[in-house]
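These notes concern the structure reproduced below.
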Amino acid sequence: MARLVPHHDTSTIEHPSERSVAEALCAQLPPEVVVFHSYPWLRPERHERSGKVNLHEGEADFVVLHPRFGILVVEVKGGHVYYDQRTMRWERHGARHEMKDPFVQAAKNMHILEATAKERYFRNELPFVRGYCAVFPDCEWTGTAPPGAVNANLFAASDLSKLGTRLEALFRAFDRRKDHTPLPTSVLDGLMKALTSEFKLTPALWREIEQQERILFRFTEDQLLLLTFLNQHRRAAVEGVAGSGKTQLALAKARQFADEGKRVLLLCYNRMLADWLAEQVIEQKDQITAINYHRMALEWCTRAKVAFPAASQDEAFWSTSAARLFENAIERLDKDRFDAVVVDEGQDFHESWWDSVEWLNRDLSDGPLYVFYDPAQQLQHQTHQHLPKLGTPFHLPTNCRNTKQISDFCAKAIGRAIPVKPGQPEGRSPTIRIAVDEKAQKAQVAACLDEWLSGPSGLSCKQVAILSALPLLRSSLRHTASIGRWRLTEDLEEWRAGKAVLHTTLRRFKGLEADAVVVHDIPKLGAPTIEDQFSRAHLYVASSRAKHLLCLVSYEH
Numbered sequence: 001m002a003r004l005v006p007h008h009d010t011s012t013i014e015h016p017s018e019r020s021v022a023e024a025l026c027a028q029l030p031p032e033v034v035v036f037h038s039y040p041w042l043r044p045e046r047h048e049r050s051g052k053v054n055l056h057e058g059e060a061d062f063v064v065l066h067p068r069f070g071i072l073v074v075e076v077k078g079g080h081v082y083y084d085q086r087t088m089r090w091e092r093h094g095a096r097h098e099m100k101d102p103f104v105q106a107a108k109n110m111h112i113l114e115a116t117a118k119e120r121y122f123r124n125e126l127p128f129v130r131g132y133c134a135v136f137p138d139c140e141w142t143g144t145a146p147p148g149a150v151n152a153n154l155f156a157a158s159d160l161s162k163l164g165t166r167l168e169a170l171f172r173a174f175d176r177r178k179d180h181t182p183l184p185t186s187v188l189d190g191l192m193k194a195l196t197s198e199f200k201l202t203p204a205l206w207r208e209i210e211q212q213e214r215i216l217f218r219f220t221e222d223q224l225l226l227l228t229f230l231n232q233h234r235r236a237a238v239e240g241v242a243g244s245g246k247t248q249l250a251l252a253k254a255r256q257f258a259d260e261g262k263r264v265l266l267l268c269y270n271r272m273l274a275d276w277l278a279e280q281v282i283e284q285k286d287q288i289t290a291i292n293y294h295r296m297a298l299e300w301c302t303r304a305k306v307a308f309p310a311a312s313q314d315e316a317f318w319s320t321s322a323a324r325l326f327e328n329a330i331e332r333l334d335k336d337r338f339d340a341v342v343v344d345e346g347q348d349f350h351e352s353w354w355d356s357v358e359w360l361n362r363d364l365s366d367g368p369l370y371v372f373y374d375p376a377q378q379l380q381h382q383t384h385q386h387l388p389k390l391g392t393p394f395h396l397p398t399n400c401r402n403t404k405q406i407s408d409f410c411a412k413a414i415g416r417a418i419p420v421k422p423g424q425p426e427g428r429s430p431t432i433r434i435a436v437d438e439k440a441q442k443a444q445v446a447a448c449l450d451e452w453l454s455g456p457s458g459l460s461c462k463q464v465a466i467l468s469a470l471p472l473l474r475s476s477l478r479h480t481a482s483i484g485r486w487r488l489t490e491d492l493e494e495w496r497a498g499k500a501v502l503h504t505t506l507r508r509f510k511g512l513e514a515d516a517v518v519v520h521d522i523p524k525l526g527a528p529t530i531e532d533q534f535s536r537a538h539l540y541v542a543s544s545r546a547k548h549l550l551c552l553v554s555y556e557h
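Going by the UniProt record's numbering, the sequence shown opens with residue 1, and the numbers climb by one from there.
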């Protein structure tokens, strides 16, 4: 039995005449034959008089694809059909209006398929048989075949019982090939592709992310309404979970202070975050200074001519001496103090830094000061218990930045519930990939990038970040300029421009976010020594950087 496309029970075909022909074709032709029913086409055609090219649609009742020969177009005319030899017109009983010539229709459809085959797959001569016929399943005929037809391609009701045999004979009659052998596999595959096309719909990942992002953006904007309440407080501490909108609130508060005519300091711990904040306030750069503590200490000490070992990475220096030197510089640059100070990432500030932060305020006793922090994100082994006296902290317990799946994953990392907004996008489950060595880690990271970035439905490079749990010089991707087809960069601006995928460390990226994040160089989750190398706080921070897609690559050794 031949295969019918589209696949359905022939008894469900609406038109009785086409149903009868379909049943005969499927029952009598061998199983390797494919029968296309109601094959549609749409092609540009030039109008004979105007010369204008327009799209015209059409449909072949049946197209028979035979692996030994090629294609045959079958036009079906059911009911009582008449042919007037005097006018050479076709008519249907009861209608008495002109009907299209079935053989002209079939021939046109055949030529349309020839053109389609050439455009889609074959470029030169078509190496297969092409033919056409008309079937009148409710009529018999006498006399001679009308112009445009021969006995061999004209079938009536009595031919249905032997339609398979008659069609194979017709294939041979149309066969002009020198070699009458079955079609080579390459030709048959090409013909099948030409008829069915290679059209494939895949879910557009970028669209999925875009729709989720609209909801999350609205939630984050709603979170800014808290500023209305905070306006009653000159100084405040705001504690919030990852993804609760702390950085956006800090940014909004800095802008609000600037709009009031104040000169504002927007201070944070991470340099990458500081660079991003500076970009956000570029239009108010004369009123808002966005910078991280380390760079500010160096710059002010340099301006004040206070000796400062800028290259020092020693933890002891930054926890003791740096703040003292910075305070000396602030005293010398008294006129450069600020009218208001806003701190993000407050949990990472050393206890010794807070005096210098207070000194940066023009009003040393009660200057406007806002500190945003999350105790669960402490990676520097500092404590949030030494914040300035800002009263009872305001709490932001709800995640409004990540999908529900990622937020739940973050909650498990720190062992406590993190509420989400009603209607928060569910998103995709985070994935964990296991690698046995560095080479396998690269392969797993490459697999994530291929999944997220490939094809027209994929994301842009500027939406994807790769974060190493190790310093870059120890990372499995150290000295790697590209991975698979994807170029990597450590430069934030180049990444934001979509020129490459960002590769940096978790610590450097802390405070920032990306639509899709791969975290690699993670010790095997559950290993006894994991807390020494990659704590729950690390897992929490790393996972919360991803807004929509998260992949963790863990190594076994």
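We put the CB at the ideal spot given by N, CA and C, even for glycine. Small disclaimer: the values here were computed from a predicted structure and weren't measured.
Report all residues from its chain with a CB closer than 8 Å to the CB of residue 151; omit the five preceding and five following residues, and keep chain order.
Within the sequence shown, residue 151 is the residue found at index 151, counting from 1. Hits under 8 Å: 145.
Do residue 427 and residue 548 count as a contact pair if the criterion is CB distance below 9 Å?
Numbered from its first residue, the sequence shown carries residue 548 at position 548. Numbered from its first residue, the sequence shown carries residue 427 at position 427. Yes.
Along the chain, where does the beta strand (DSSP E) that runs through residue 41 open and close?
On the sequence shown, residue 41 is found 41 positions in, with the first residue counted as 1. Its beta strand (DSSP E) spans residues 34–46.
Which of the three DSSP states, helix, strand or coil, is assigned to residue 241?
To locate residue 241, count along the sequence shown from 1; it is residue 241. If DSSP states are grouped into helix, strand and coil, residue 241 belongs with coil.
With a 10 Å radius around its C-beta and 16 neighbouring C-beta atoms as the bar for buried, classify residue 7 as buried or exposed.
Counting from 1 along the sequence shown, the entry for residue 7 is found at position 7. By the 10 Å Cβ count, residue 7 comes out exposed.
Based on Cα-Cα distance, which residue from 438, 65 and 414 lies nearest to residue 520?
The residue given as residue 520 occupies position 520 in the sequence shown. Out of 438, 65 and 414, the CA that lies nearest to the CA of residue 520 is found in 438.
For the 8 Å Cβ check, are there 3 or more pairs between the stretch 199–206 and the stretch 115–133?
no
Could you round the C-beta distance between residue 117 and residue 194 to whole angstroms and report it? I think they count as a contact, below 8 Å.
Here residue 117 refers to the residue found at position 117 when the sequence shown is read from its first residue. Here residue 194 refers to the residue found at position 194 when the sequence shown is read from its first residue. Rounded, the Cβ-Cβ distance is 4 Å, consistent with contact.
Do you know how far the Cα of residue 524 is from the Cα of residue 531?
Translated into the one-based positions of the sequence shown, residue 531 becomes position 531. Translated into the one-based positions of the sequence shown, residue 524 becomes position 524. For residue 531, the predicted structure reports a pLDDT of 46, less than 50, and the residue's modelled location is therefore unreliable. A value from the coordinates is still provided. Computed Cα separation, rounded: 11 Å.
In terms of residue numbering, what span does the beta strand (DSSP E) encompassing residue 433 cover?
The residue labelled residue 433 in the question sits at position 433 within the sequence shown. From DSSP, the beta strand (DSSP E) with residue 433 extends over 431–435.
Please report the straight-line C-alpha distance between residue 452 and residue 487, rounded to a whole angstrom.
Counted from its first residue, the sequence shown places residue 452 at position 452. Counted from its first residue, the sequence shown places residue 487 at position 487. The C-alpha of residue 452 lies about 14 Å from the C-alpha of residue 487.
Within its chain, find whatever has a CB closer than 7 Å to the CB of residue 496; leave out the 5 residues flanking it on each side and keep chain order.
As a position in the sequence shown, residue 496 is number 496, starting the count at 1. Contacts found: 462.
Specify the secondary structure class of residue 160 as computed by DSSP and reduced to three states.
Residue mapping note: residue 160 aligns to position 160 of the sequence shown, counting from 1. Residue 160 falls in the helix class under three-state DSSP.
Which first and last residues belong to the beta strand (DSSP E) in which residue 468 is found?
Residue numbering aside, residue 468 sits at position 468 when the sequence shown is read from its first letter. Note, residue 468: beta strand (DSSP E), 464–468.
Between which residues of its own chain and residue 306 is the CB-CB distance below 6 Å, once the five residues before and five after are set aside?
Here residue 306 refers to the residue found at position 306 when the sequence shown is read from its first residue. Hits under 6 Å: 325, 328 and 329.
For residue 268 and residue 345, which I take to be in contact (beta-carbon distance under 8 Å), what is that distance rounded to the nearest angstrom?
Reading the sequence shown from its first residue, position 268 is the one you call residue 268. Reading the sequence shown from its first residue, position 345 is the one you call residue 345. With a Cβ gap of about 5 Å, residue 268 and residue 345 count as contacting.
Taking contact to mean at least 3 C-beta pairs separated by less than 8 Å, is the stretch 362–378 in contact with the stretch 228–236?
Three or more beta-carbon pairs separated by less than 8 Å link the stretch 362–378 to the stretch 228–236, which places the two stretches in contact.
Below 9 Å between beta carbons: does that hold for residue 292 and residue 265?
For the purposes of this step, residue 292 is taken as residue 292 along the sequence shown, with counting starting at 1. For the purposes of this step, residue 265 is taken as residue 265 along the sequence shown, with counting starting at 1. No. Outside cutoff.
Taking the continuous beta strand (DSSP E) assigned at residue 133, which residues delimit it?
For the purposes of this step, residue 133 is taken as the residue at position 133 of the sequence shown. Its beta strand (DSSP E) spans residues 129–135.
Under the three-state reduction of DSSP, which class applies to residue 396: helix, strand or coil?
Here residue 396 corresponds to residue number 396 of the sequence shown, with the count starting at 1. The answer is strand: DSSP assigns residue 396 an E or B state.
From the DSSP output, read off the bridge partner residues of residue 90.
As a first step, residue 90 is located in the sequence shown; it is residue number 90 there, counting from the start. Answer is 83 and 99.
If residue 88 sits next to residue 147, beta carbons under 8 Å apart, how far is it from one beta carbon to the other, in whole angstroms?
Reading the sequence shown from its first residue, position 88 is the one you call residue 88. Reading the sequence shown from its first residue, position 147 is the one you call residue 147. Right, their Cβ atoms sit about 7 Å apart.
So, residue 434 versus residue 517, is the Cβ gap smaller than 9 Å?
In the sequence shown, counting from the first residue as 1, residue 434 sits at position 434. In the sequence shown, counting from the first residue as 1, residue 517 sits at position 517. No; because the gap between Cβ atoms is not below 9 Å, this pair is not in contact.
Please state if the CB of residue 377 and the CB of residue 553 are separated by a distance shorter than 9 Å.
Locating residue 553 in the sequence shown gives position 553, counting from the first residue. Locating residue 377 in the sequence shown gives position 377, counting from the first residue. Contact: no.
With 16 as the cutoff for other CB atoms within 10 Å, does residue 53 come out buried or exposed?
Here residue 53 refers to the residue found at position 53 when the sequence shown is read from its first residue. Per the 10 Å Cβ criterion, exposed.
What would DSSP say about residue 231, mapped onto helix, strand or coil?
If you number the sequence shown from 1, residue 231 lands on position 231. Coil at residue 231, not helix or strand.
Between which two residues does the beta strand (DSSP E) holding residue 210 run?
One-based indexing of the sequence shown puts residue 210 at position 210. Where residue 210 is concerned, there is no enclosing beta strand (DSSP E), although the alpha helix (DSSP H) it sits in stretches over 205–223.
Would you call the CB atoms of residue 546 and residue 505 closer than 9 Å?
Looking up residue 546 in the sequence shown gives position 546. Looking up residue 505 in the sequence shown gives position 505. Not closer than 9 Å, so no.
Under 9 Å, Cβ to Cβ, is there at least one residue of chain C near residue 174?
Any reference to chain C falls outside this structure, which holds one protein chain only.
Count the CB pairs spanning the stretch 170–188 and the stretch 68–79 that are closer than 8 Å, and state whether there are at least three.
yes
What are the start and end residues of each continuous alpha helix (DSSP H) run of 4 or more residues lying completely inside the UniProt domain "UvrD-like helicase C-terminal" (504–553), in chain order?
Whole alpha helix (DSSP H) segments, 4+ residues: 506–509, 530–533 and 536–544.
Apart from the five residues on each side of it in sequence, which residues of its chain come closer than 7 Å, Cβ to Cβ, to residue 1?
Within the sequence shown, the letter at position 1 stands for residue 1. Counting only Cβ-Cβ distances below 7 Å, and skipping sequence neighbours, we find 26, 27 and 31.
Report the residue ranges of all alpha helix (DSSP H) runs contained in full by the stretch 246–332; include only those spanning at least 4 residues, in chain order.
246–259, 271–280, 293–303 and 322–332
For the alpha helix (DSSP H) that contains residue 495, what are its first and last residues?
For the purposes of this step, residue 495 is taken as the residue at position 495 of the sequence shown. Membership of residue 495 in the alpha helix (DSSP H) is indicated by the continuous run 492–496.
Look at the Cβ atom of residue 78, then the Cβ atom of residue 16, and state whether they are nearer than 9 Å.
Position 78 of the sequence shown, counted from the first residue, corresponds to residue 78. Position 16 of the sequence shown, counted from the first residue, corresponds to residue 16. Yes, the Cβ-Cβ distance between residue 78 and residue 16 is below 9 Å.
So, for residue 109: in the same chain, excluding its five sequence neighbours on each side, which residues have a beta-carbon less than 6 Å away from its beta-carbon?
Counted from its first residue, the sequence shown places residue 109 at position 109. Cβ neighbours of residue 109 within its own chain (closer than 6 Å, five residues either side excluded): 60 and 73.
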